[in-house]
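Participant: This is the structure, below, for whatever I ask next.
Residue numbers (this note's numbering): 16 to 364.
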């Protein structure tokens, strides 16, 4: 009798496994989503709006913090308002060196000091860097006391980071950092941010490429071009498109490129995309335009719904312009100073 029971159980075991295994797989499959933790528009009363960007990307079993906003205290409060545990991050991506994308890093490190942080590699960057000492010209006729390192420099000169002892990994070329997850490394050629290096996160999913961008200084169309080299199907683009002061004709051209040339399925713009661009994208993409204001969670996958709650205001208010001008003082990231010079020159002709 025991033998018969053993045979029956053994015979039935494969069927039981075939039924139970998919259930376990479905249960363990993480929900893909992007939660906006920092931006200057939104409807969540528990969170503070401010100029800058940060998003938590949860997909394929990974928890990725993309950028850290403009103010550490505001970032910390927003993270707590959403109940986000930064101790369980897999890694952090800092898209570029502008303060409105990295100022919250001090709070991240206070909570999770050993987390790996991917950042752009620059010759003299705040994230740390190095150069061969052959980069500078030498004059052996000088006495040792007037020469760098007494005339005997190290082969590699290492330059410090603004955050000492942090687990930075600096990226200077497009790199796959996890299966299906790639950092696209591009360089801006725009006036005001020339040679600025920027990382974008491209995640290859069964539904197509999910692309998370910080400010798109190299050009959103160039970033998408790099992404389609991995997978020509772009499922979603989320983040800032750097069109906040762009003229209508430039906006129309880029919107058409995203919609018609690259056949982007869904669009979730935020940060420096610009209010006129919000309106143009909303008109072009219809129900495939996804609201991505502060506190919003954008679901990933074929069944991701759209949210049309965004209300566009008139193009730019004076307080907005004042903010942008303050941000532009050093590198003119939005091209405002250059545009102003061009208008002044034209008026003098």
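For each residue, glycine too, the CB sits at the ideal point set by N, CA and C. Quick caveat, the model's predicted, so the values are computed rather than measured.
Look at the Cβ atom of residue 237, then the Cβ atom of residue 201, and state whether they are nearer than 8 Å.
Facilitator: Taking the chain shown and counting its residues from 1, one reaches residue 237 at position 222. Taking the chain shown and counting its residues from 1, one reaches residue 201 at position 186. A contact, by the Cβ cut-off of 8 Å.
Participant: Would you kindly report the start and end of the unbroken alpha helix (DSSP H) that includes residue 293?
Facilitator: Here residue 293 refers to the residue found at position 278 of the chain shown. That run of the alpha helix (DSSP H) goes 290-300.
Participant: Please go through the same chain and pick out, in chain order, the residues whose beta-carbon is closer than 7 Å to the beta-carbon of residue 157, but skip the five residues on each side of it.
Facilitator: Here residue 157 is taken as the residue at index 142 of the chain shown, counted from 1. Answer for residue 157: no residue qualifies.
Participant: Classify residue 132 as helix, strand or coil using the three-state DSSP reduction.
Facilitator: Residue mapping note: residue 132 aligns to position 117 of the chain shown, counting from 1. Looking at residue 132 - three-state DSSP - the assignment turns out to be strand.
Participant: Among 135, 218 and 67, which has the Cα closest to the Cα of residue 211?
Facilitator: By one-based count along the chain shown, residue 211 stands at place 196. For residue 211, the nearest C-alpha among the options comes from 135.
Participant: Hey, residue 242 and residue 226 are a contact pair by Cβ (cut 8 Å); roughly how many whole angstroms apart?
Facilitator: Indexing the chain shown from 1 puts residue 242 at position 227. Indexing the chain shown from 1 puts residue 226 at position 211. With a Cβ gap of about 5 Å, residue 242 and residue 226 count as contacting.
Participant: Report all residues from its chain with a CB closer than 6 Å to the CB of residue 21; omit the five preceding and five following residues, and keep chain order.
Facilitator: Along the chain shown, one-based indexing puts residue 21 at 6. At residue 21 the pLDDT is 42, less than 50, meaning the model places this residue with poor confidence; the figure from the coordinates comes in the next sentence. No residues qualify anywhere along the chain.
Participant: Tell me whether residue 218 sits in a helix, a strand or coil according to DSSP, three-state version.
Facilitator: Locating residue 218 in the chain shown gives position 203, counting from the first residue. The answer is strand: DSSP assigns residue 218 an E or B state.
Participant: Quick check on the DSSP output: what are the complete beta strand (DSSP E) runs of length 3 or more inside the stretch 51-119, in order along the chain?
Facilitator: Entirely contained in the stretch 51-119, the beta strand (DSSP E) runs reaching 3 residues are, in chain order, 69-74, 77-81 and 106-108.
Participant: What residue range is occupied by the uninterrupted beta strand (DSSP E) comprising residue 202?
Facilitator: In the chain shown, residue 202 corresponds to position 187, counting from 1. Run containing residue 202: 196-202, per the beta strand (DSSP E) assignment.
Participant: Output yes or no for whether 8 Å exceeds the beta carbon distance between residue 280 and residue 315.
Facilitator: Here the question's residue 280 lines up with position 265 in the chain shown. Here the question's residue 315 lines up with position 300 in the chain shown. Result no, Cβ atoms of residue 280 and residue 315 do not sit closer than 8 Å.
Participant: Can you tell me where the beta strand (DSSP E) holding residue 173 begins and where it ends?
Facilitator: As a first step, residue 173 must be located in the chain shown, where it is residue number 158. 171-176 is the extent of the beta strand (DSSP E) around residue 173.
Participant: Can you give the beta carbon distance from residue 199 to residue 189, rounded, assuming they're within the 8 Å contact cut?
Facilitator: The residue labelled residue 199 in the question sits at position 184 within the chain shown. The residue labelled residue 189 in the question sits at position 174 within the chain shown. Their Cβ separation, rounded to whole angstroms, is 5 Å, which keeps residue 199 and residue 189 in contact under 8 Å.
Participant: Per the contact definition of three or more C-beta pairs closer than 8 Å, is the stretch 299-311 in contact with the stretch 47-59?
Facilitator: The answer is yes - the stretch 299-311 touches the stretch 47-59, with three or more Cβ pairs under 8 Å.
Participant: Starting from residue 270, trace the alpha helix (DSSP H) both ways and give me its first and last residue.
Facilitator: Walking along the chain shown from the start, residue 270 turns up at place 255. Run containing residue 270: 263-271, per the alpha helix (DSSP H) assignment.
Participant: Flag this pair as touching only if the stretch 125-141 and the stretch 89-106 have three or more C-beta atom pairs under 8 Å; answer yes or no.
Facilitator: Flag = yes, the stretch 125-141 and the stretch 89-106 touch.
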